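Quick note: the sequence shown, position 427, residue 440 per the numbering used here, numbers continuous.
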Amino acid sequence: MVNWADVCHTGFQIAPFSQLMLKNPDLKTIKMAANVKLFESKIKSDIFVALEKVLVGLNRVNFTMLRSQKFIAALLLGFFVLMPAMAQNTQSAYSVYGVGDPNWGGYSHNSSMGGLGVTYNNRFYTNNINPALTATTNEAIFQFDAALDYRTHANGVEKYSGTTAGFKDLSINLPIKLTKWNIGINLSPYSNVKYAFTQSEPGPEGSTAITEVSGVGGLDEAAVTNAFRFGNLLIGAKISYIFGSIQEEDRFYLEGLRPTSFGTSVVNGVVNFGQITASGGFVYKAPISDLSRLNIGGFYNPEVTLKETAFITLENQASGGNVFSTDTLVNNLETQVLVPERFGFGISYERFQKLAIGVDFQTQDWTKYRRVNGTEEPNFGQAFRIAVGGELLPNFQSPKYLGRISYRFGVHYERTPYLVNNDEVNDLGISFGAALPLNAFWGLSHINVGATIGQRGDTSNGKIREDYIKVYLGFSLQDVTWFARQKFN
Numbered sequence: 014m015v016n017w018a019d020v021c022h023t024g025f026q027i028a029p030f031s032q033l034m035l036k037n038p039d040l041k042t043i044k045m046a047a048n049v050k051l052f053e054s055k056i057k058s059d060i061f062v063a064l065e066k067v068l069v070g071l072n073r074v075n076f077t078m079l080r081s082q083k084f085i086a087a088l089l090l091g092f093f094v095l096m097p098a099m100a101q102n103t104q105s106a107y108s109v110y111g112v113g114d115p116n117w118g119g120y121s122h123n124s125s126m127g128g129l130g131v132t133y134n135n136r137f138y139t140n141n142i143n144p145a146l147t148a149t150t151n152e153a154i155f156q157f158d159a160a161l162d163y164r165t166h167a168n169g170v171e172k173y174s175g176t177t178a179g180f181k182d183l184s185i186n187l188p189i190k191l192t193k194w195n196i197g198i199n200l201s202p203y204s205n206v207k208y209a210f211t212q213s214e215p216g217p218e219g220s221t222a223i224t225e226v227s228g229v230g231g232l233d234e235a236a237v238t239n240a241f242r243f244g245n246l247l248i249g250a251k252i253s254y255i256f257g258s259i260q261e262e263d264r265f266y267l268e269g270l271r272p273t274s275f276g277t278s279v280v281n282g283v284v285n286f287g288q289i290t291a292s293g294g295f296v297y298k299a300p301i302s303d304l305s306r307l308n309i310g311g312f313y314n315p316e317v318t319l320k321e322t323a324f325i326t327l328e329n330q331a332s333g334g335n336v337f338s339t340d341t342l343v344n345n346l347e348t349q350v351l352v353p354e355r356f357g358f359g360i361s362y363e364r365f366q367k368l369a370i371g372v373d374f375q376t377q378d379w380t381k382y383r384r385v386n387g388t389e390e391p392n393f394g395q396a397f398r399i400a401v402g403g404e405l406l407p408n409f410q411s412p413k414y415l416g417r418i419s420y421r422f423g424v425h426y427e428r429t430p431y432l433v434n435n436d437e438v439n440d441l442g443i444s445f446g447a448a449l450p451l452n453a454f455w456g457l458s459h460i461n462v463g464a465t466i467g468q469r470g471d472t473s474n475g476k477i478r479e480d481y482i483k484v485y486l487g488f489s490l491q492d493v494t495w496f497a498r499q500k501f502n
């Protein structure tokens, strides 16, 4: 557990979960809600059924690398079920706020270009930033990513480092009508929560009152995208189910007080989330020459009201750790939280199978974040992100392997949503990576590797500085025979 001595006095105001939930008198008037887990389970089941119908009903599938349709459907279902439990939870002190650290979108290949992906997408990959770019490929694509995050945290007094790793994204892109209509299915992180703090203050009779607060969890987004191509215009619409949970544990005890039998009080809180939402985007690919395009476009994600279901218990533990009493403070209590709209636009230049470079801008006004009774989050401000990046492919048809590797680069600047003592928390990083083509058996498939090196925040005015290195590993598996009908003797 991170031991941030007196961290509250340097800008972070720790509010235990029980206080956060119970200080709002309006919560007492809210009716009891059904468990969101049941809805989540139903959505996952519906996704599996729909996916199996797509794979079997079209009767066009002939994956070179994975022959069995039922195996593919079962594999995807397994990822949808297991990925949230195995997902990477990047540790960040700032994820204590709101619903956690928001995700700006992008897969491993996007991250290696600074997060570029509003108007540019290589046809070998999927895209979860702009729904319109789902229409850029003519082959079936199965893509999944993993990531490793190493970061150090410093507040000017103490320093701590930690590493997290796990699955990051999963997606599949299915061309339904060649060059006209694509369907995408994906599961990606929506927000991330992982933090730990220790607060100490004078207690009775010369003792020290210790409060340890830790949280973990986050939200995920399961989405189905339909994208259409009308000449040089791409239009996409996405239906998403946002779900997940945040767990917090608050431990209170006295240190240095005799006798030591006073023990520890532990407040455990769990909030489950679930809601359906929609978003859309467009890209116009203006031809410059036979092989070159200038792309312009944007996307819009409307505000979403997330349904919350809260459970909070209080445990009293003896000095040896044995629980001698448990009380339920909140049981299956439903409330809501409003997450503000997000939109972005960008411009990019690409030369077919040679060069691409672009710039993106995304923004989200977190001052509009609200709880059920309209309560604002005082630690939130206007957030935006600028990404500049690109990729270079020396020679797509080169007989030499190094000539067929795509080299990526990028830089990003982000004003995060967070305010500490009314000071902004900024994030700056550089990225690089490569796409390694697989052998002929895997067709146009690739292994994507990359890294981002950056810094978030500083130690001035009570802020916490995070220096991080993120490493990405992704697999993009293509089926070039998607439209080859099965033949029967």
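Glycine is no exception: its CB is placed at the ideal position from the N, C-alpha and C atoms.
Values in this document were obtained by computation on a predicted structure and should not be read as measured data.
Status (buried if at least 16 other CB within 10 Å, exposed otherwise) for residue i
| i | result |
| --- | --- |
| Leu304 | exposed |
| Glu214 | exposed |
| Tyr525 | No statement about residue 525 is possible, as the shown extent of the chain runs from 14 to 502 and does not include it. |
| Pro300 | exposed |
| Tyr481 | buried |
| Val170 | exposed |
| Ser204 | buried |
| Lys41 | Interpretation of Lys41 is limited by its pLDDT of 28, a score under 50 that renders its predicted location unreliable; no figure is taken from the coordinates. |
| Ser174 | exposed |
| Gln491 | buried |
| Ser503 | Residue coverage of the chain in this structure runs from 14 to 502, which leaves residue 503 outside it and unanswerable. |
| Ser489 | buried |
| Thr150 | buried |
| Ser302 | exposed |
| Phe409 | exposed |
| Lys6 | This structure does not reach residue 6, given that the chain is present from 14 up to 502, and the question cannot be answered. |
| Thr341 | exposed |
8 Å CB neighbourhood of residue i in its chain, flanking five on each side removed
| i | result |
| --- | --- |
| Leu432 | Pro391, Asn392, Phe393, Gly394 and Val438 |
| Ala447 | Ser125, Ile418, Ser419, Tyr420, Arg421, Asn461, Val462 and Gly463 |
| Leu449 | Ile418, His459, Ile460, Asn461 and Val462 |
Cutoff 6 Å; reference residue i; Cβ partners in own chain excluding five residues on either side
| i | result |
| --- | --- |
| Asn141 | Gly118, Asn199 and Ser201 |
| Ile289 | Tyr254 |
| Phe356 | Tyr313 |
| Arg383 | Leu351 |
| Ala369 | Tyr133, Glu363, Gly403 and Glu404 |
| Gly230 | Val206, Ser258, Ile259 and Gln260 |
| Glu328 | Val279, Val336 and Thr339 |
| Arg469 | Asp440 and Glu479 |
| Asn281 | Glu262 and Thr326 |
| Thr176 | Tyr163 |
| Gln156 | Thr139, Ser184 and Ser489 |
Nearest-angstrom Cα separation, counted from residue j out to residue i
| i | j | result |
| --- | --- | --- |
| Ala46 | Phe324 | Note that Ala46 has pLDDT 34, beneath the 50 cutoff, so the model's placement of it is unreliable and no number is given. |
| Asp158 | Asp233 | 15 Å |
| Ser473 | Asp263 | 27 Å |
| Tyr266 | Val336 | 14 Å |
| Leu503 | Ile360 | The question about residue 503 has no answer here: the residues shown for the chain are numbered 14 through 502. |
| Gly276 | His166 | 31 Å |
| Leu486 | Ile185 | 17 Å |
| Tyr297 | Ala209 | 45 Å |
| Lys367 | His122 | 16 Å |
| Lys320 | Asn345 | 12 Å |
| Ala466 | Gln330 | It is worth fixing the name first, because residue 466 is Ile in this sequence and not Ala. Going by the C-alpha atoms only, they are around 43 Å apart. |
| Gly287 | Val109 | 19 Å |
| Asp471 | Ile223 | 26 Å |
| Ile5 | Phe243 | The requested residue 5 does not occur in the structure, where the chain is confined to residues 14 to 502. |
| Pro407 | Gly416 | 5 Å |
| Asn308 | Val343 | 51 Å |
| Lys251 | Gln377 | 19 Å |
| Thr211 | Gly228 | 12 Å |
| Gln4 | Lys190 | Because the chain in this structure spans residues 14 to 502, residue 4 falls outside the shown range and cannot be described. |
| Asn143 | Val317 | 18 Å |
Close-in-space but distant-in-sequence residues of the same chain around residue i (CB under 7 Å, 5 per side omitted)
| i | result |
| --- | --- |
| Gly13 | Residue 13 lies beyond the stretch modelled for the chain, which goes from 14 to 502, so this question has no answer here. |
| Gly219 | Gly269 |
| Ala145 | Ala240, Leu247, Ile248, Gly249, Gly294, Phe295, Val296 and Gly310 |
| Leu187 | Val67, Ala153, Asn195 and Ile196 |
| Lys36 | Caution applies to Lys36, whose pLDDT of 34 falls short of 50 and renders its modelled position unreliable; the model cannot decide the point. |
| Pro283 | First, the amino acid is wrong: residue 283 is Val here, not Pro. Here the set comprises Ser258, Gln260 and Phe324. |
Residues bridged to residue i (per DSSP)
| i | result |
| --- | --- |
| Glu225 | Thr211 and Arg264 |
| Thr472 | None; Thr472 has no bridge partner. |
| Pro450 | His459 |
| Tyr485 | Ala160 and Gly463 |
| Thr322 | Asn285 and Glu347 |
| His166 | Tyr173 and Glu479 |
| Leu368 | Arg364 and Leu405 |
| Ala235 | Leu200 and Tyr254 |
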